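If you're matching positions, the sequence shown starts at 180 in this note's numbering and goes up one per residue. Here is the structure we will look at, set down as structure tokens.
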Amino acid sequence: MKKSNYLLMAMVLLLSVFPARIIAAEPPLIIIENPKDVPFEVQAMYKRLKEIKAMDKSNLNSIQKKELRKEIKTIKAELRTTNNGVYLSIGAIIIIILLLILIL
């Protein structure tokens, strides 16, 4: 067998025996310096998040606090979807690397 076949077999064996555990962390919100580049809707969402953060929540009851938490979660979820990025999982990256090794 060729050396590349042994390398491929070893990589598959290592990846199947010792699975990698990855803990996803919530990325911090990125504040852009130049507001001209940001759409108006996104600016409004950031402004609302700042208003909520500056609020005095000590005089709110539990129902109002719960509603604020829900609003914050929905705003953050909408902000995450506006990034328009391409995301690759680690499994997809490994498959791409293995395909490149086999092709070359």
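Where a beta carbon is used, it is the ideal one built from N, C-alpha and C, also for glycine. What you are looking at is a predicted structure, and each value in this text was computed from that prediction instead of being measured.
Asked, Found
"Glu257 and Met224 look like a contact to me (Cβ under 8 Å); what is the Cβ gap, rounded to whole Å?", "6 Å"
"Going by C-alpha to C-alpha distance, which of Lys236, Ser183, Val221 sits closest to Arg259?", "Val221"
"Find out if the Cβ-Cβ distance for the pair Lys236, Lys244 is shorter than 8 Å.", "yes"
"Whole angstroms are fine: how far does the CA of Ile231 sit from the CA of Ile137?", "As shown, the chain starts at 180 and ends at 283. That puts residue 137 outside it, with no answer to give."
"Hey, out of Ile273, Leu283, Leu279, whose CA is closest to Val191's CA?", "Ile273"
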